[in-house]
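These notes concern the structure reproduced below.
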Amino acid sequence: MLQVDDQQDTVTIQISGRFDYRMIKDFQQLLGRSPQMWIVDLGSVDYIDSSALGMLLLLRERVHGEAQRVVLRGVHGQPRDVLVMAKFDRMFKVE
Amino acid sequence: MAYTQRIPSLTEHARRAPGIAALQVLRRIELECQTRAQAEDVADEIAALLPDPIKSRLGLVELLFNAIEHGNLEIGGAYKSELLREHRFDDEIGQRYELAPYNTRRVRIRVTVAYPLIAIEIEDDGKGFDWRTVVEAEDYAKDLPNGRGIAIVNQACFPGLAYNEPGNVATVRVAWPT
Numbered sequence: 001m002l003q004v005d006d007q008q009d010t011v012t013i014q015i016s017g018r019f020d021y022r023m024i025k026d027f028q029q030l031l032g033r034s035p036q037m038w039i040v041d042l043g044s045v046d047y048i049d050s051s052a053l054g055m056l057l058l059l060r061e062r063v064h065g066e067a068q069r070v071v072l073r074g075v076h077g078q079p080r081d082v083l084v085m086a087k088f089d090r091m092f093k094v095e
Numbered sequence: 001m002a003y004t005q006r007i008p009s010l011t012e013h014a015r016r017a018p019g020i021a022a023l024q025v026l027r028r029i030e031l032e033c034q035t036r037a038q039a040e041d042v043a044d045e046i047a048a049l050l051p052d053p054i055k056s057r058l059g060l061v062e063l064l065f066n067a068i069e070h071g072n073l074e075i076g077g078a079y080k081s082e083l084l085r086e087h088r089f090d091d092e093i094g095q096r097y098e099l100a101p102y103n104t105r106r107v108r109i110r111v112t113v114a115y116p117l118i119a120i121e122i123e124d125d126g127k128g129f130d131w132r133t134v135v136e137a138e139d140y141a142k143d144l145p146n147g148r149g150i151a152i153v154n155q156a157c158f159p160g161l162a163y164n165e166p167g168n169v170a171t172v173r174v175a176w177p178t
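Residue numbers (our numbering), protein chains in the order written: chain A, 1 to 95; chain B, 1 to 178.
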């Protein structure tokens, strides 16, 4: 499930359960926005796949690769393992 | 009187008799899928039999999706990037499920159990690919929105992932600790 909180310069995307290929459409719909900061809250996510990595990369394209403008929050467990292995901890601000 | 005997799902069996007990009565399992949703069901069934179901599920899903998207539906890596960027990827997949020649293609999954060893083969009806380059990729497709799945499988889920030539059958081997 995906919830969005759009406040001033920050868009927070809260995802729960599986962050995988089924979310591509919903996630991409959000990419039309252009806030200064994006926060992707993965605190309630227990599983991600390579499609999730792709979605995060598309989000990174939206901010022209500026790592400080996308925060991945609450990363733990399997999602952390996959993100670190794919070296996403170097491409995003991971909290 | 005709009747149908219900065969409990492997997952159900594994839940009642976790891991090893289920494996000792299984020798060979063959499953088939066409769509990504079916592939998820297949991955859940098989992952429940393996030592690390969470990692294994991801590995199986990635391999099965690769077989469906790139093998059977012939959506190449560059075209997938384009479709993802244009928000058309899911629609394209849905259309190709219905369209000849893709619509008759399936992915076959064969699991051979010789406890404590389990071999899993995933065969698609596509033309194969240059799997060595993809499996050994270290830069993870850089900034592309796709192209990481197979390298992740090899690195994190099933070390030693290999394909046949020309690359339409993936084989992974898993061993239960004894």
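Glycine residues also receive a C-beta, built at the ideal position from the N, C-alpha and C atoms.
Taking each of B:ARG96, B:PHE129, B:LEU73 and B:GLY94 in turn and checking the Cα distance to ILE150 of chain B, the smallest one comes out for B:PHE129. The C-beta of GLY71 of chain B has 16 or more other C-beta atoms within 10 Å across all chains shown, which makes the residue buried. The Cβ atoms of ARG148 of chain B and SER50 of chain A lie closer than 7 Å to each other.
With a cutoff of 7 Å on beta-carbon distance, VAL174 of chain B and ILE118 of chain B are scored as near each other. If only uninterrupted alpha helix (DSSP H) runs of at least 4 residues are considered, none is enclosed by the segment 28-60 of chain A. Here the alpha carbons of MET1 of chain A and SER16 of chain A stand approximately 5 Å from one another. In this structure, GLU32 of chain B lies near ARG106 of chain B, with their beta-carbon atoms less than 7 Å apart. Partner residues in the beta bridge of VAL71 of chain A, as assigned by DSSP, are A:ILE39 and A:LYS93.
With its beta carbon less than 7 Å from one in chain B, LEU57 of chain A belongs to the interface. Taking 8 Å as the cut-off between beta carbons, the residues of the segment 129-154 of chain B near chain A are TYR140, ASP143, LEU144, PRO145, ASN146, ARG148, GLY149 and ILE152, in sequence order. Secondary structure at LEU117 of chain B: strand, using DSSP grouped into helix, strand and coil.
Cβ-Cβ separation between VAL63 of chain A and LYS93 of chain A: approximately 11 Å, too far for a contact (criterion under 8 Å).
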